[in-house]
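Right, one structure below, let's go through it.
There are 2 protein chains.
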Amino acid sequence: MTNHEQYAFKALADPTRRQILLHLSQGDKTIGELVSEFSMTRAAVKKHLDVLSRGQMVTVHPRGRERLNRLQPNGIKSVVQWLGFFDQFWDEKLNALTQAIESDSATAPPRTTSVTDKARRISSRKKNKPC
Amino acid sequence: MTNHEQYAFKALADPTRRQILLHLSQGDKTIGELVSEFSMTRAAVKKHLDVLSRGQMVTVHPRGRERLNRLQPNGIKSVVQWLGFFDQFWDEKLNALTQAIESDSATAPPRTTSVTDKARRISSRKKNKPC
DNA sequence: GCAAAGTAATACCATATGGTTTTATATTAA
DNA sequence: TTAATATAAAACCATATGGTATTACTTTGC
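Sequences listed follow chains A and B, in order. Going by this note's numbering, the first residue of the first sequence is number 1, and it counts up by one from there. Going by this note's numbering, the first residue of the second sequence is number 1001, and it counts up by one from there.
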């Protein structure tokens, strides 16, 4: 129940902020540079950057009279980690289905390569349910 | 710029809704069952389920007089896909850094296993920038 | 048919959110 | 020092959001 996890999800909920992240992935930018691509006020962009900063996705690096906004991995990493549980969840669903198929055709000759193999591999991953 | 992608991000932004997803990962549930775990009104839970449904994370399955709410992978999948771009982004950053290290120590004897190997493997993944 | 259980739908309220405008502050360059 | 650039901060507004309470609609079981 880390606090910044919630901040990260909130930050990603706005399409403008996601666009900002994509822009910053092409290099550090000042607020002014971002404003020129969004037809918004500086103040508005600044607010979005504050939200992104609170979500640990952007850090500010002063350089002279400019303040460069830089992408930071922490926030997105924690979101990806939370969502990872569900990816594993679907994988296990697939595995359960496959096992049912296996036990159904228990008397049939074994196949060399199949979906079952993939399911077995997948289900061997560790599962950590988030809080 | 798919519409349901935005709905999915919005749906995940609320902590209660993420909790609901975790509950549903343990099995389909009616609104009544969810209410008993959240100390909220039925109407409130219903609203959250509507948002989750719009984000393609939950589907409703009527059974008798009950309506079971079931987890659906679409929404989370698209969110994970969007975030995947940034995972690759960080990987490439790592790779660039590693290449710099490599060219720095070009005259040094090669190592059998190293960070560079990992970076090379990672950077071989395909990169798809979302819209 | 009728009562009970479960859900749906509507109206409504308080607050959070995204945005603008305005004013103030800090740094560079002449 | 002064003009110009870039950001920061505060006040303010319209709307979205999360929540409640209330009322009405289905389905089961007697």
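Think of the CB as a built atom: it goes at the ideal place given N, C-alpha and C, for glycine as much as any other residue.
Note: Thr-1059/B is bridge-paired with Arg-1070/B in the DSSP secondary-structure output. Lys-1029/B and Phe-85/A have their C-alpha atoms spaced approximately 19 Å apart.
Between Val-79/A and chain B, the shortest Cβ-Cβ separation is below 9 Å. Under a criterion of Cβ atoms nearer than 7 Å, the residues of chain B adjacent to Gln-6/A are, in order, Pro-1015. Pairing Gln-56/A with His-4/A gives a Cβ-Cβ distance under 9 Å.
Distance from the Cα of Asp-50/A is smallest, within the candidate group Ile-20/A, Glu-92/A and Asn-95/A, for Ile-20/A. Any Cβ of chain A closer than 9 Å to the Cβ of Lys-1047/B would place that residue at the interface, and such an atom is absent. DSSP places Pro-1015/B in the uninterrupted alpha helix (DSSP H) bounded by 1015-1024.
With respect to the C-alpha of Glu-92/A, the residue from Tyr-1007/B, Arg-1017/B, Pro-1015/B and Ser-1025/B having the closest C-alpha is Ser-1025/B. Counting every other CB atom within 10 Å of its CB across the protein chains shown gives Asn-74/A a total below 16, marking it as exposed.
Sixteen is the threshold: when 16 or more other Cβ atoms of the shown chains lie within 10 Å of the Cβ of Arg-17/A, as they do, the residue is buried.
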